[in-house]
Structure formats: structure tokens, C-alpha cells
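Numbering (this note's numbering), first residue to last: 60 to 178. These notes are about the structure you will find just below.
Shown next, in the form of C-alpha cells:
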């Protein structure tokens, strides 16, 4: 467990690097966007809970609350995206999917930041 912060940062660097590589050589594809989003989310999570801070019940409670709120918000997001596609506000289904994926992946670190500031 002592090396987990280093492994998390390495994972984020690999995901961001590979996503950047795909973006440069293949153009902005869904795969490159997903890799970069997950890398950013990993870095954000690592910055909210620094390695110097010990793992305790407070962190567990923050992660649990953040997970619950992210799940509830993702249900709302998917419903809104389905409505927007149904009403032809968003015509391309891939745009709707990538928008949903971006919001879904970034909701968890944002919720962790909010709950971390409250406690």
C-alpha cells in the first residue's frame, strides 16, 4: 500500500500519454478522449487526497458519499441525453455518448472535492 500514490500517478501519466499519442496521430477519436478523461480523473482524485494524508474513516465516508451522488447524477445525465437525442437537439449519437461519458467520468472527482471541502 505504500507505493499506491506512485502507481496512481504512473497510471494517470500512462493514460494521458497514450490518449495524447492517439490524439496526435489518429485525430480526436473516442478512444483518445476516454483515455485522457480517465487520466485527468485519476490525477484529480490523487490531488484531492494527497499521499501524506493517512487513510481514515473520513476519506472512506467522502468517497462513499461522492460515489452515491455521482451515481444519482449519472442517472439524470443519461435521461437528459436520451431526451436531447429524442428531440433532435443532439443529432449525432456519438456526440451524446461522449458528452455523457465526459460528465460521468468527471462527476466523481468533482463530488469528492466538494465533500472534502465540506468536512
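We put the CB at the ideal spot given by N, CA and C, even for glycine.
- The C-alpha of residue 166 is placed about 22 Å away from the C-alpha of residue 76.
- Looking only at 131, 94, 159 and 129, the smallest Cα-Cα distance to residue 143 is reached by 159.
- Counting C-beta atoms within 10 angstroms of its own C-beta, residue 94 has 16 or more neighbours from the protein chains shown and is therefore classed as buried.
- For residue 114, the three-state secondary structure derived from DSSP is coil.
- Spatial neighbours of residue 118 in its own chain (CB-CB distance under 8 Å, excluding positions within 5 residues in sequence) are listed in chain order as 108 and 112.
- Here the alpha carbon of residue 133 sits roughly 6 Å from the alpha carbon of residue 163.
- Counting other Cβ atoms within 10 Å of its Cβ, residue 71 reaches 16 or more and is therefore classed as buried.
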